[in-house]
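My numbering numbers the first residue of the sequence shown as 19 and each following residue consecutively. Encoded as structure tokens, the structure appears first; notes follow it.
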Amino acid sequence: MTLKNKFTGPAKIKTVICRCLIFCLFFPAFSDTSAAEKKPLILATNTIIADMAAQLSGDLAEVKSLVPIGTDPHNFEPSPADIKLAGSANLILMNGMNLENWMYELLRKTIGITKIDTVTQGIAPIFSGEYATVVDPHAWLDPVLGKIYVKNIATSLSELMPEHSEIIQFNSKVLTEELQHIHEYSVEKLGSIPPEQRILITSHDAFRYFSQRYQMEVKSVFPTSPSAELTIKDMADLSEIISESGVRAIFPESTINPRLIAQIARDNGLILGGKLYTDSLSEPDGEAGNYIGLLYHNIREIYYGLIGEKSTSSMEHRQSSDEQSQFFPLILVSLVLLGSFLIMWKGVNHNL
Ligand SMILES: [Zn+2]
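Right under this line is the structure:
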């Protein structure tokens with residue numbers, strides 16, 4: 019089963035080529051129609067929520083993320099352009115749970131916001147380590163809780179576009195099934211690691227929900243957010259856990275400078291695990307270009323790091339890029355044919 023109004027992989031490239039051709043061939047007639055049908059603008063506060071909304075709405079809406087790819091969403095500072103964009107959105111989707119404290123300032127300055135929905139409704143918050151008043155906002159890293167995100171976002175989108183509710187709910191079902199597959203994959207992979215080795219050490223405290231789901235101990239270099247102050251006690255606690263547990267790897271994250279993590283790995287003789295994507299997707303053609311890809315990537319890296327082996331995910335990603343590159347000649351040929359057709363069409367019109 020595939021998502022409606024959404025194309026993936028090589029099939030997507032073929033479809034895009036066909037669509038380009040159809041669009042270009044019928045451009046004069048098509049342009050008037052497209053101008054009349056303005057899609058609603060959905061704004062998400064980070065790239066992960068934006069991807070879920072895009073997966074569910076397909077071509078029915080325009081979806082954007084306020085926080086760009088690779089940027090820390092905890093300490094984001096909205097620009098005047100972001101405030102203007104928020105004012106033109108038909109719907110804003112936010113995580114809540116202490117992630118977007120910068121939203122208060124944005125909302126204070128924005129005029130004309132129509133609807134804001136929190137996509138973590140129904141998720142029981144987990145408090146972050148020894149900081150009992152700080153909620154961990156990263157519930158999306160648990161695929162089971164990801165299903166609640168999908169359900170909430172599908173409800174919001176259906177309220178915004180009731181005429182497309184059937185398609186949205188269908189896509190919601192497909193995405194939910196994919197999340198169930200990822201959960202089963204996680205249970206199989208992470209469950210095969212001896213319990214005493216299931217210790218996940220990362221840059222910041224993002225894996226509370228994930229680790230609770232898969233019975234892992236979690237420890238972070240930065241206990242709350244990447245900007246939190248690092249104390250001597252934090253470092254001493256970390257060294258103690260490393261030396262007592264026999265943990266094999268420590269993991270950097272995509273939105274945080276990996277220098278300190280690399281230093282800890284060197285000082286303690288640990289494997290520097292693969293980069294994890296916690297707060298942002300990668301670029302679309304990268305190793306975590308969508309939410310599902312992000313979850314698979316993280317689980318693979320965690321698994322191979324903790325068993326002391328090198329992940330194959332980068333190789334798989336290279337292979338995937340190679341598969342896509344085989345369609346580039348097809349795109350080129352299509353463009354040449356299209357150009358030839360347009361020249362001929364112009365010539366015929368000129369002679370009439
Ligand atoms: Zn975070």
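Every residue gets a Cβ at the ideal spot worked out from N, C-alpha and C, and that includes glycine. Computed from a prediction, not measured in an experiment: that's the story for all the values here.
Residue i and residue j closer than 9 Å at C-beta
{"i": "PHE269", "j": "LEU294", "result": "yes"}
{"i": "VAL85", "j": "ILE60", "result": "no"}
{"i": "GLY209", "j": "ARG266", "result": "no"}
{"i": "LYS165", "j": "THR136", "result": "no"}
{"i": "LEU256", "j": "GLY291", "result": "no"}
{"i": "TRP120", "j": "PRO98", "result": "no"}
{"i": "ILE217", "j": "SER75", "result": "no"}
{"i": "LEU278", "j": "PHE228", "result": "no"}
{"i": "PRO213", "j": "GLN233", "result": "yes"}
{"i": "GLN73", "j": "ASN189", "result": "yes"}
{"i": "SER263", "j": "PHE240", "result": "no"}
{"i": "ALA79", "j": "MET179", "result": "yes"}
Same chain, Cβ closer than 7 Å to residue i, neighbours up to 5 away in sequence not counted
{"i": "PRO161", "result": "LEU197, ILE200, HIS201, SER204 and LEU313"}
{"i": "GLN230", "result": "ILE144"}
{"i": "SER106", "result": "LEU59"}
{"i": "SER174", "result": "LEU109, LEU111 and ASP135"}
{"i": "PRO141", "result": "Pro is not the amino acid found at residue 141; the sequence shown has Ile there. The residues are ALA157, LEU163 and ILE166."}
{"i": "GLY88", "result": "SER272, THR273 and SER298"}
{"i": "PRO347", "result": "Unreliable positioning characterises PRO347 in this predicted model, as indicated by a pLDDT of 39, which lies under 50. The coordinate reading is nonetheless provided below. Nothing listed; no residue qualifies."}
{"i": "ALA172", "result": "LEU74, ILE186, GLN187 and SER190"}
{"i": "GLY114", "result": "THR136 and THR138"}
Same chain, Cβ closer than 6 Å to residue i, five either side skipped, listed in chain order
{"i": "LYS133", "result": "LEU109"}
{"i": "ILE310", "result": "GLU196"}
{"i": "LYS127", "result": "ILE101"}
{"i": "ARG408", "result": "The question about residue 408 has no answer here: the residues shown for the chain are numbered 19 through 370."}
{"i": "ALA62", "result": "ALA68, ALA71, SER83 and LEU111"}
{"i": "LEU355", "result": "Any answer about LEU355 is weak, because its pLDDT of 49 lies below 50 and its placement is not dependable; what the coordinates show is given next. The answer is none, since no qualifying residue turns up."}
{"i": "ALA224", "result": "HIS156 and THR296"}
{"i": "ILE219", "result": "LYS237 and ILE268"}
{"i": "ASN116", "result": "VAL153 and PRO155"}
{"i": "TYR403", "result": "Because residue 403 is not part of the residues shown, which for the chain are 19 to 370, the question remains open."}
{"i": "ASN286", "result": "ILE260"}
{"i": "GLN342", "result": "Residue confidence for GLN342 is low, a pLDDT of 42 falling below 50, so the modelled location carries little weight; the figure read from the coordinates is stated next. So the list is empty, once near-sequence residues are dropped."}
{"i": "ALA306", "result": "TYR295, LEU299, SER300, LEU312 and HIS315"}
{"i": "ASN170", "result": "VAL137 and GLN139"}
{"i": "GLU334", "result": "Confidence at GLU334 is low in this model, with a pLDDT of 48, below 50, so its placement is unreliable and the value that follows should be read with caution. Same-chain partners within the cutoff: there are none."}
{"i": "GLU235", "result": "ILE217"}
{"i": "GLU118", "result": "THR63 and MET112"}
{"i": "LEU125", "result": "none"}
{"i": "THR249", "result": "none"}
{"i": "GLN215", "result": "LEU324"}
{"i": "PRO276", "result": "PRO270"}
Residue i - partner residues in DSSP beta bridges
{"i": "ALA79", "result": "Per DSSP, none; premise fails for ALA79."}
{"i": "ALA267", "result": "ILE289"}
{"i": "ASP154", "result": "ILE144"}
{"i": "PHE240", "result": "HIS222"}
{"i": "ILE185", "result": "Paired residues: none, contrary to the question."}
{"i": "ILE60", "result": "VAL81 and LEU109"}
Any non-hydrogen atom of ligand 1 within 8 Å of residue i CB
{"i": "LEU278", "result": "no"}
{"i": "THR296", "result": "yes"}
{"i": "ASP160", "result": "no"}
{"i": "PHE90", "result": "Going by the sequence as given, residue 90 is Asp instead of Phe. It does: the Cβ of ASP90 is within 8 Å (strictly closer) of some heavy atom of ligand 1."}
{"i": "LEU312", "result": "no"}
{"i": "PRO155", "result": "yes"}
{"i": "ALA224", "result": "yes"}
{"i": "LEU218", "result": "no"}
{"i": "LEU117", "result": "yes"}
Chain-order list of residues whose beta-carbon lies under 8 Å from that of residue i (same chain, five-residue window excluded)
{"i": "ILE289", "result": "ARG266, ALA267, ILE268, ALA283, GLY323 and GLY326"}
{"i": "GLU123", "result": "PRO96"}
{"i": "THR65", "result": "SER83, VAL85, PRO86, ILE87, SER298 and LEU299"}
{"i": "ILE317", "result": "ILE200, TYR203, SER204, LYS207 and LEU208"}
{"i": "ILE131", "result": "ALA104, GLY105, ALA107, ILE110 and LEU125"}
{"i": "ILE129", "result": "GLY105"}
Can you list the beta strand (DSSP E) stretches of 3 or more residues lying completely in the segment 207 to 237, in chain order?
Listed in chain order, they are 217 to 222.
Going residue by residue through the segment 83 to 151, where are the continuous alpha helix (DSSP H) segments of at least 4 residues, counting only ones entirely within it?
As far as the segment 83 to 151 is concerned, its whole alpha helix (DSSP H) runs of at least 4 residues are 98 to 106 and 121 to 127.
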